[in-house]
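Only one structure is covered here, and it is reproduced in the block below.
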Amino acid sequence: MSGSGGSFESLERAREAAEIVEAGARLAEQERSLPQATVDALTGAGAFSCLAPEAVGGLELDPLRAIELIEEFARQDGSAGWCAGIGAVTTGIVAAGLPDAGASRVFGQNGFGICAGGFTPRARARRTSGGYRISGRFPFGSGCSHADWMVLTAVVSDKEEVGEWDQDEDEVRSLCVPKSSVTLHDNWDAAGLQGTSSNDYEVRDLVVDEDHSFRIFKGWKARRGGSLYRISAVTFAYMAHLGFALGVGRRALEDVAARAHAAQRYGSGVLLRDEGSFLREHAHELAKLRSARLLAFDAYGELWESVSRGDDPSLLERARVAAAVVHVYRTAANAADFAFRSLGASVLYRSDPIQRCFRDIRAGMQHIVASEVVMERVGRVELGVAPEDTIL
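Basically my numbering = 1-based index in the sequence shown + 136.
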C-alpha cells in the first residue's frame, strides 16, 4: 500500500484544484456533466485511482485518507465530490476484481481507465462460450460522461426477468465493457447532483468475455491489492458517501459563516454575525458536523484496523460504519438547511453555492445507504439479533 506521502500529495493537489472545480460548478449544472477542466483536476489529484491497487497504477490509499480526498472535492462542488467518490469506488472494485487479462486492457493498454456504473444487478446474463451474453438498461451511471469503461451487473441465469435476487445464493457478476459498447440515454435532469451525468445506459445482446467479469457479493475475491480489498463492496462504497456528505455539509457552513459579516435577515437591521440566535445555531451545527465526522472516522478506523490485521470485518463493525453514513448524511443535511434558511431569498438563485449544497445533499440522501431501512438493520445487530437480510 502507498505510504502517507502519496495521500498527502493527493489531498494537497485537490486543495490546489479548488479554483478550477468551483469555477466549473455552474457549468456542470448547466451541461449536466463535469467540465473537462474539472475532470482533469480530479484525475490529477488521483480521485479516480485512489482506491485502485498499486499493481494497476492506483494509489491504494487507506480508507480514511480516501474519505478526506473525496471530502475536499465535495467541499468544492457536490457534483465533483460525488463523481470523485463513486468513480473511486467503482474503479477500485473493478481494478481489484478483474482477471489479469481484463485488468491489463482496462488499466494498461490505453492508460488508467476510469470506470462508471453500479454493482446492483439490473439484468440477467446468460453463459455463452467464453463469456456472457447480456441485455438490459441500467440507471444512475454517475460519471458516465467522462468514464472510459462501464460496469454492467447482472444475475447469471437463464431466466428472462431480473425479479428478486438473493445476495447469498445467486451468482452475481459485474461485467466491465468499453463505453463505446453501451448506449447512453441523456435523461439525467434532477433536483440535485445535476452535474454528475447520472444517466441510464443500455446494452442489447452484448457478449462480454469471461476475463472482463468477476463475482460480486457472494464469491467476491480480490485478485490483487492488499487489506483494503477485504472490505465488502457495500462497505467499500461507504467511503464515497461519507466523503461526499461531509464535504457538502462543511461547504454550507463555511459559506454561511463567510457571508454572515455582510448579510442580515430582512427587517432585523442586525448583521448575522451580531445576531445571537444565528451565532448559537451556527456553533451547534459546526459541533454536530465535527462530531459526525469523528464518529465516521472512528467507525471506519476500527474496521480498517481489523482488515489490516488480516481479519474479515465483523457484522458489528460493518453495521457501525453503516450507521455513521446515515448519521453523517442527516447531520450534513441539517447544516445545509440551516445555511439555506439563514440567508433568505438571496440563496434562491441556482448559481448560489448554498442552494447547490441544499439540493445536492438532499439528492444524495435518496440513496439507500442514507435510509432508515439501514438503521433498522443496524438496530438489530446492536441488539444481537441477526438482520433479516444482507443490506449491510
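Using N, Cα and C, we set each Cβ at its ideal position, and we do this for glycine too.
Legend entry - Terminal residues of the alpha helix (DSSP H) in which E158 lies: Here the alpha helix (DSSP H) through E158 covers 154-159.
Legend entry - CB-CB length for C493 against A388, believed under 8 Å: By a beta-carbon distance limit of 8 Å, C493 contacts A388. Their separation comes to about 4 Å.
Legend entry - Cβ-based neighbour list, K295, same chain, cut-off 8 Å, excluding 5 preceding and 5 following: Only R260 meet the Cβ criterion.
Inset, instruction - Let me know the secondary structure DSSP gives R477 once reduced to three states. - result: Here DSSP, grouped into helix, strand and coil, assigns R477 to helix.
Inset, instruction - Just the C-alpha distance for A154 and R168, rounded to the nearest angstrom, thanks. - result: Each residue's Cα considered, the two are about 20 Å apart.
Inset, instruction - For S138, collect the residues of the same chain with a Cβ closer than 8 Å to its Cβ; drop the 5 residues on either side in sequence, then sort them by chain order. - result: For S138, the pLDDT reaches just 45, beneath the cut-off of 50, and the residue's location in the model is therefore unreliable, although a value from the coordinates is still provided. The answer, listed in chain order, is E190, L195, E196, L197.
Inset, instruction - Measure the CB-CB distance between R495 and G328 and report whether it falls below 7 Å. - result: It is a contact, given that the beta carbons lie within the stated cut-off.
Inset, instruction - For the stretch 245-260 and the stretch 277-295, state whether three or more C-beta atom pairs, one from each stretch, are separated by less than 8 Å. - result: At 8 Å Cβ cutoff, the stretches touch.
Legend entry - Whole-angstrom distance between R241 and S143, CA atom to CA atom: Going by the C-alpha atoms only, they are around 26 Å apart.
Inset, instruction - Identify, in the order they occur along the chain, each residue of the same chain with its Cβ nearer than 6 Å to the Cβ of G238, setting aside the five sequence neighbours on each side. - result: Correct list, in chain order: D347, H348.
Inset, instruction - Indicate whether A188 and S146 have their beta-carbon atoms separated by less than 7 Å. - result: Their beta carbons are not under 7 Å apart, which means A188 does not touch S146 by this criterion.
Legend entry - Run of the beta strand (DSSP E) containing F276, from where it starts to where it stops: Counting along the chain, the unbroken beta strand (DSSP E) around F276 starts and ends at 267-277.
Legend entry - Whole-angstrom distance between E208 and K315, CA atom to CA atom: Taking the Cα positions, K315 is about 28 Å away from E208.
Inset, instruction - Flag this pair as touching only if the stretch 371-386 and the stretch 425-438 have three or more C-beta atom pairs under 8 Å; answer yes or no. - result: Touching, yes.
Legend entry - Residue range of the unbroken beta strand (DSSP E) whose run includes V291: Taken as a continuous stretch (DSSP letters only), the beta strand (DSSP E) holding V291 covers 285-292.
Legend entry - the stretch 449-466 touching the stretch 518-528, judged by at least three CB pairs closer than 8 Å: Result yes; three or more Cβ-Cβ pairs closer than 8 Å.
Inset, instruction - Determine the burial state of E300: buried for a count of at least 16 other Cβ atoms within 10 Å of its Cβ, exposed for fewer. - result: Classification of E300: exposed, given that the 10 Å Cβ count is below 16.
Inset, instruction - Could you pull the start and end residues of the alpha helix (DSSP H) that S444 belongs to? - result: Element bounds for S444: 412-444.
Legend entry - Three-pair Cβ contact test at 8 Å for the stretch 264-275 versus the stretch 334-354: With a cut-off of 8 Å, the stretch 334-354 and the stretch 264-275 count as touching, because enough Cβ pairs lie within range.
Inset, instruction - Closer than 7 Å by C-beta to P523: which residues in its own chain qualify, once you throw out the five before and the five after it? Chain order, please. - result: Excluding the 5 residues flanking it on each side, P523 has same chain C-beta neighbours closer than 7 Å at R513, R516, V517, in chain order.
Legend entry - Residue span of the alpha helix (DSSP H) that contains D391, given as start and end: Segment 369-395, the alpha helix (DSSP H) holding D391.
Legend entry - K357 versus T227 - alpha carbon distance: As the crow flies, the alpha-carbon of K357 is around 15 Å from that of T227.
Legend entry - Between the CA atoms of D391 and P489 - distance to the nearest angstrom: Between the alpha carbons of P489 and D391 lies a gap of roughly 8 Å.
Legend entry - Rounded straight-line distance, which links the Cα of A161 to that of A419: Roughly 28 Å between the two C-alpha positions.
Legend entry - Boundaries of the beta strand (DSSP E) in which L200 is found, first to last residue: For L200, there is no enclosing beta strand (DSSP E); the enclosing alpha helix (DSSP H) has its first and last residue at 199-212.
Inset, instruction - Could you check the C-alpha separation between A423 and L234 for me, to the nearest Å? - result: Rounded to whole angstroms, A423 to L234 spans 43 Å at the Cα level.
Inset, instruction - Determine the contact status of D322 and P275, defining contact as a CB-CB distance below 7 Å. - result: Cβ distance not < 7 Å, so D322 and P275 don't count as in contact.
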